[in-house]
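Let me begin by presenting the structure, written as structure tokens, before commenting on it.
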Amino acid sequence: MGFISKIKEGLSKTSKNVTAQLGGMFSAFTGANDEFFEELEETLILADLGVETACDAVEKLRETVRQNGLKNADEIKNALRDILTALLDVGDGRLALDTTPSVILVIGVNGVGKTTTIGKLAMKFKAEGKKVLLCAGDTFRAAAGEQLSVWAERTGADIVRRDEGADPASVIFDGLNAAKARGIDVVICDTAGRLHNKSNLMNELNKISRIIDKELPGADRETLLVLDATTGQNGLIQARQFKESAAITGVVLTKLDGTAKGGIVFAIADKLQVPVKLIGVGEKAEDLIAFNGREFTEAILE
């Protein structure tokens, strides 16, 4: 199943929510007047773009309509599509993992789907013929190491872990050295479910980053922030706090299939200026897919 099909299926709640509203607006379109733009703004806010992002998008549409003399519904809808797509163009959306080894540091609060995301990534890389090592750096949550071990067994990935309560940075250190010794292609590091208001946990994240710099200088590294789409604007608040303490290279948005407010993707890209690189639109490993901004927008607006 291709990206478009996956997106349409996974975003069924969002697209029904937004498309029903937009469909009614454009089918009953009588002109790009104030009432039309106000209704459009409300629809985008309800899709969880956030007030500021939705207002900015509608203001840009007003200006585009005025400057280009757009009159009919199709022209205006296409202009809206271009504006929303541009919001998502905030950097390279691909995973930059060209060195051997490369490192993925996975961060985020508990419950957003970090461990599952790591497992799905491991399965994806193994299917590509890469050697993968999982680093069980979440030593604070009792079940975290066990859950990661299950994924390691399921995917055939190597794993480095220690007992509960061990120093997370030391686990990462051991994992990086094991990766160098074993010729690993991709090291995926789990971290504790960081509460974004806990400065000591953020300090620990910085410590882990310094260890990676020291042990693998020059290695490609992705720092992926995992967010739960169903939390909407609360997820954006978390993301802002994390960005202040970590050099986030991309966002993984999970559980998009479980929300009618998939517009949060636009708010995250717009306000963080960090690309959404992966989205989760189902429970299966293949439901974690690389993000494509234009196709995502088309799936929502179609």
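Under this note's numbering, the residue at position 162 of the sequence shown is numbered 163, and the numbers go up by one with no gaps. No residue lacks a Cβ here, since even glycine has one placed at the ideal position from N, Cα and C.
* Should residue 225 and residue 251 be called a contact, given that it needs their Cβ atoms to be closer than 7 Å? -> Here residue 225 refers to the residue found at position 224 when the sequence shown is read from its first residue. Here residue 251 refers to the residue found at position 250 when the sequence shown is read from its first residue. Less than 7 Å divides the Cβ of residue 225 from the Cβ of residue 251.
* If you run the structure through DSSP and keep just helix, strand and coil, what is residue 93? -> Residue 93 sits at position 92 when you count from the first residue of the sequence shown. Coil.
* Asked: Roughly how many angstroms separate the alpha carbons of residue 141 and residue 285, rounded to a whole number?
  -> On the sequence shown, residue 141 is found 140 positions in, with the first residue counted as 1. On the sequence shown, residue 285 is found 284 positions in, with the first residue counted as 1. Between residue 141 and residue 285, the C-alpha separation is close to 27 Å.
* Asked: Could you give the residue range of the beta strand (DSSP E) that holds residue 255?
  -> Along the sequence shown, one-based indexing puts residue 255 at 254. First-last of the beta strand (DSSP E) with residue 255: 251 to 255.
* Please determine, among 54, 149, 39 and 218, the residue with the shortest C-alpha to C-alpha distance to residue 177. => Mapped onto the sequence shown, residue 177 falls at position 176. Comparing Cα-Cα distances from residue 177 to each of 54, 149, 39 and 218, the minimum goes to 218.
* To do: Would you tell me roughly how many angstroms separate the C-alpha atoms of residue 104 and residue 189, rounded to the nearest one?
  => Here residue 104 corresponds to residue number 103 of the sequence shown, with the count starting at 1. Here residue 189 corresponds to residue number 188 of the sequence shown, with the count starting at 1. The straight-line gap from Cα to Cα measures roughly 6 Å.
* Asked: Are at least three pairs of beta-carbons, each pair with one atom in the stretch 127 to 147 and one in the stretch 166 to 174, less than 8 Å apart?
  -> Verdict: yes, contact present.
* Whose C-alpha, out of 299, 300 and 289, is nearest the C-alpha of residue 122? -> Locating residue 122 in the sequence shown gives position 121, where the first residue counts as 1. Nearest C-alpha to residue 122: 289.
* Alpha-carbon to alpha-carbon, residue 34 and residue 192 -> To locate residue 192, count along the sequence shown from 1; it is residue 191. To locate residue 34, count along the sequence shown from 1; it is residue 33. Computed Cα separation, rounded: 50 Å.
* Asked: Can you give the Cα-Cα distance for residue 25 and residue 204, rounded to whole angstroms?
  -> Locating residue 25 in the sequence shown gives position 24, counting from the first residue. Locating residue 204 in the sequence shown gives position 203, counting from the first residue. Distance between the alpha carbons of residue 25 and residue 204: 50 Å.
* **Length of the line joining the Cα atoms of residue 1 and residue 47** => Summary: the structure shown does not reach residue 1, with the chain confined to residues 2 through 303, and so no result is reported for it.
* **Minimum length 3: unbroken beta strand (DSSP E) runs contained in the stretch 127 to 206** => 133 to 137, 159 to 161 and 187 to 191
* To do: Note down the Cα distance separating residue 237 from residue 144, rounded to an integer number of angstroms.
  => Locating residue 237 in the sequence shown gives position 236, counting from the first residue. Locating residue 144 in the sequence shown gives position 143, counting from the first residue. Their Cα atoms are separated by approximately 27 Å.
* Alpha carbon to alpha carbon, how far is residue 278 from residue 114? Give it in angstroms, no decimals. => Taking the first residue of the sequence shown as 1, we reach residue 114 at position 113. Taking the first residue of the sequence shown as 1, we reach residue 278 at position 277. Taking the straight line joining both Cα atoms gives about 15 Å.
* Asked: DSSP puts residue 223 in a beta bridge; with which residues?
  -> The residue labelled residue 223 in the question sits at position 222 within the sequence shown. Paired residues: 105.
* Residue(s) in a DSSP beta bridge with residue 281 -> In the sequence shown, residue 281 corresponds to position 280, counting from 1. BP columns for residue 281 point to 289.
* To do: Name the two residues that bound the continuous alpha helix (DSSP H) containing residue 113.
  => In the sequence shown, counting from the first residue as 1, residue 113 sits at position 112. Element bounds for residue 113: n/a, residue is neither H nor E.
* With 16 as the cutoff for other CB atoms within 10 Å, does residue 32 come out buried or exposed? -> Here residue 32 refers to the residue found at position 31 of the sequence shown. Answer is exposed; the Cβ neighbour count stays below 16.
* Residue range of the alpha helix (DSSP H) that includes residue 52 -> Sequence index remark: in the sequence shown, residue 52 carries index 51 (1-based). That run of the alpha helix (DSSP H) goes 52 to 69.
* To do: Answer yes or no: do residue 294 and residue 86 have a C-beta to C-beta separation smaller than 7 Å?
  => In the sequence shown, the residue the question calls residue 294 occupies position 293. In the sequence shown, the residue the question calls residue 86 occupies position 85. Their beta carbons are under 7 Å apart, which means residue 294 touches residue 86 by this criterion.
* Whose C-beta lies closer than 8 Å to the C-beta of residue 66 among residues of the same chain, with five residues either side of it excluded? -> Position 65 of the sequence shown, counted from the start, is the residue given in the question as residue 66. Counting only Cβ-Cβ distances below 8 Å, and skipping sequence neighbours, we find 33, 77 and 80.
* To do: Could you please give the first and the last residue of the uninterrupted alpha helix (DSSP H) stretch that includes residue 44?
  => Counting from one through the sequence shown, the residue named residue 44 turns up at place 43. Segment 35 to 47, the alpha helix (DSSP H) holding residue 44.
* Let me know the secondary structure DSSP gives residue 217 once reduced to three states. => Position 216 of the sequence shown, counting from 1, holds the residue named residue 217. If DSSP states are grouped into helix, strand and coil, residue 217 belongs with coil.
* To do: Mark residue 125 as exposed unless 16 or more other C-beta atoms lie within 10 angstroms of its C-beta, in which case mark it buried.
  => Sequence index remark: in the sequence shown, residue 125 carries index 124 (1-based). With 16 or more Cβ atoms within 10 Å of its Cβ, residue 125 is classed as buried.
* To do: Could you pull out every residue in the same chain whose Cβ sits closer than 7 Å to the Cβ of residue 97, ignoring the five residues on either side in sequence?
  => Numbered from its first residue, the sequence shown carries residue 97 at position 96. Answer for residue 97: 221 and 223, listed in chain order.
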